[in-house]
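Undergrad: Dropping a structure here in structure tokens format, bear with me for questions.
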Amino acid sequence: MRVNYNISAILANKALNQTDSKLSVSSERLSTGYKINHAKDNPSGLAIAHRMTMQLRGLSNAAQTASDGVSVVQTAEGAISEMQDMVHRISELAVQAANGTNSDDDRQMIQEEIDQLKLELTRIASDTDFNGKKLLNGDFDLKGYSDVEEVKVSYYSDEVKVGQYVISAINRTYDADGNLMDGSVTLLQDGSANAFPADCTIRYEGNKAIIEGRDSFRMDLTIDDSLATASNVTLDITGIGAMRMQIGANEGEIMEIRIPALGLEQLGLKDVDLSTKEGALKAIELTDAANTYISSVRARLGAYQNRLEHTANSLDATNENLTDAFSRIMDTDMAEEMTEYSNEQVLTQAGISVLSQANERPQQVLQLLQ
């Protein structure tokens with residue numbers, strides 16, 4: 001037995017310190033709900049968990065973005081639905097005006113309603129917005145440009161590759177109604193870098209030249225009446241301009257929403273005039289084309305909405321599964337930790353008792369000196 005160094009007390013104190021440290025860790029885990037509270041607890045687990053945290057927050061915002069996209073599409077589609085009803089009314093009036101029993105005065109009165117409908121179509125196309133952004137004026141359609149001011153790229157399909165295309169010649173010829181005729185536009189189709197695909201053909205609607213090819217290739221050109229001839233017209237197809245929705249937590253996870261312009265010019269109703277029987281018959285044809293155009297736009301918007309809703313559901317499912325994985329790494333198993341906490345409590349009480357007894361042993365040495 002030794003007096004200077006109480007080995008029993010030193011050993012008991014060491015064990016008590018270790019137990020107390022474990023008890024503190026267990027208490028912290030129970031109070032915070034996390035089994036990783038410091039980097040030293042699990043360095044790799046902490047790194048993985050924080051990457052997951054960033055991903056989870058991004059997924060939450062992406063789901064909100066998808067919901068916003070649905071709202072945008074619904075806003076646009078609601079306005080377009082009303083525009084289509086007005087096109088139906090114009091068609092109805094055109095059929096009425098084409099009736100031979102009507103006089104020119106009768107048709108003039110019908111034309112007054114047509115004029116008001118055209119004004120309202122223009123107003124809806126220019127004023128419909130979402131959060132201050134105009135939806136139906138073409139701001140969110142893919143952009144294309146021409147180096148000749150009188151030639152405009154009014155539309156092209158998703159299948160048109162980004163780049164430059166060349167029109168060899170424009171030589172406007174008109175029919176009796178002032179519409180472009182075959183041969184007005186000649187495409188470059190020699191297989192060079194800026195050439196149109198060899199299978200492209202052209203049809204004409206009013207002052208529009210519609211270029212179509214395989215695999216849904218389509219490009220619409222509007223040629224101003226002031227242009228008689230031109231050669232080597234270069235068209236720059238940018239592939240940009242659509243509304244970009246961030247539908248994922250990572251870079252590049254986007255969805256582009258195209259909403260083409262729906263003004264009178266795009267609908268082909270700018271020159272509708274029912275004051276004559278011939279104009280009424282022409283209007284029937286124009287409203288049919290306008291109805292088809294609007295239906296195609298609404299179909300595209302409906303497809304966007306379905307995709308966005310599926311995207312939102314997918315993001316919610318991914319968020320749920322990722323949260324479960326995060327929980328397995330970070331969250332405390334309360335039952336297991338409570339068992340550990342109770343065990344360390346017992347050991348702490350035992351250690352205190354043993355240390356107390358070890359501290360009393362030097363007193364027993366005094367009995368040997370009596």
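Using our numbering, the letters of the sequence shown map in sequence onto residues 1 to 370.
C-beta: ideal position from N, C-alpha, C; glycine also.
Do three or more CB pairs link the stretch 194-203 to the stretch 212-226 at distances below 8 Å?
TA: yes
Undergrad: Contact check, S154 vs T222 under 8 Å by CB: the rounded distance?
TA: Taking the first residue of the sequence shown as 1, we reach residue 154 at position 154. Taking the first residue of the sequence shown as 1, we reach residue 222 at position 222. The Cβ separation is near 5 Å, so the contact holds.
Undergrad: Specify the secondary structure class of L234 as computed by DSSP and reduced to three states.
TA: If you number the sequence shown from 1, residue 234 lands on position 234. A quick correction: the sequence has Thr, not Leu, at residue 234. Of the three classes helix, strand and coil, the one that applies to T234 here is strand, per DSSP.
Undergrad: Starting from L23 and walking both ways along the alpha helix (DSSP H), at which residues does that stretch end?
TA: The residue you call residue 23 lines up with position 23 of the sequence shown. L23 -> alpha helix (DSSP H) spans I7 to T32.
Undergrad: Comparing alpha-carbon positions, which option in D175, G69 and N99 lies nearest K133?
TA: Walking along the sequence shown from the start, residue 133 turns up at place 133. Nearest of D175, G69 and N99 to K133, Cα basis: G69.
Undergrad: Within 10 angstroms of its Cβ, does N61 collect 16 or more other Cβ (buried), or is it exposed?
TA: By one-based count along the sequence shown, residue 61 stands at place 61. Counting Cβ neighbours within 10 Å, N61 comes out exposed, since fewer than 16 surround it.
Undergrad: Use the C-beta contact count for I305: other C-beta atoms within 10 angstroms, 16 or more gives buried, fewer gives exposed.
TA: Counted from its first residue, the sequence shown places residue 305 at position 305. Note that residue 305 is Gln in the sequence shown, not Ile. When all chains shown are included, Q305 counts as buried.
Undergrad: Between the C-alpha atoms of L267 and N313, what's the straight-line distance to the nearest angstrom?
TA: The residue you call residue 267 lines up with position 267 of the sequence shown. The residue you call residue 313 lines up with position 313 of the sequence shown. Rounded to whole angstroms, the gap between the alpha carbons of L267 and N313 is 35 Å.
Undergrad: Going by beta carbon distance, what residues of the same chain come within less than 7 Å of V113, once the five residues before and after it are set aside?
TA: Locating residue 113 in the sequence shown gives position 113, where the first residue counts as 1. The question names Val, yet the displayed sequence has Glu at residue 113. Contacts found: L93.
Undergrad: Using a threshold of 8 Å, state whether the C-beta atoms of M219 and Y204 are closer than that.
TA: Here residue 219 refers to the residue found at position 219 when the sequence shown is read from its first residue. Here residue 204 refers to the residue found at position 204 when the sequence shown is read from its first residue. No, they are not a contact pair.
Undergrad: Spell out the partners DSSP gives Q164 in its beta bridges.
TA: On the sequence shown, position 164 is the one that residue 164 refers to. Paired residue(s): D236.
Undergrad: Spatial neighbours of T318 within its chain, please: CB distance less than 8 Å, with the 5 preceding and 5 following residues excluded, ordered by chain position.
TA: Translated into positions along the sequence shown, residue 318 becomes position 318. Excluding residues within five positions, the ones whose Cβ falls inside 8 Å are L59.
Undergrad: Between F196, E253 and N207, which has its C-alpha nearest N179's C-alpha?
TA: In the sequence shown, the residue the question calls residue 179 occupies position 179. That would be N207, whose Cα lies nearest to the Cα of N179.
Undergrad: Could you spell out the range, first to last residue, of the alpha helix (DSSP H) harbouring E278?
TA: For this step, residue 278 is matched to residue 278 along the sequence shown. Segment K277 to M330, the alpha helix (DSSP H) holding E278.
Undergrad: Using three-state DSSP, classify K118 as helix, strand or coil.
TA: The residue given as residue 118 occupies position 118 in the sequence shown. DSSP places K118 in helix when its eight states are reduced to three.
Undergrad: Distance check for V160 and G279, CA to CA, integer angstroms please.
TA: Taking the sequence shown and counting its residues from 1, the one referred to as residue 279 is at position 279. Taking the sequence shown and counting its residues from 1, the one referred to as residue 160 is at position 160. If you take the alpha carbons of G279 and V160, they lie about 35 Å apart.
Undergrad: Assign M181 to one of three DSSP states: helix, strand, or coil.
TA: Within the sequence shown, the letter at position 181 stands for residue 181. Here M181 sits in coil by DSSP.
Undergrad: Looking at L187: is its Cβ nearer than 8 Å to the Cβ of I167?
TA: What you label residue 187 is simply residue 187 of the sequence shown in a count that begins at 1. What you label residue 167 is simply residue 167 of the sequence shown in a count that begins at 1. Yes; because the gap between Cβ atoms is below 8 Å, this pair is in contact.
Undergrad: Would you decide whether S146 is buried or exposed? Buried here means 16 or more other CB atoms lie within 10 Å of its CB.
TA: The sequence position of residue 146 within the sequence shown is 146, counting from 1. Answer is buried; the Cβ neighbour count reaches 16.
Undergrad: Using only the alpha-carbon positions, how far apart do E309 and M243 sit?
TA: On the sequence shown, position 309 is the one that residue 309 refers to. On the sequence shown, position 243 is the one that residue 243 refers to. When rounded, the distance between both Cα atoms is 17 Å.
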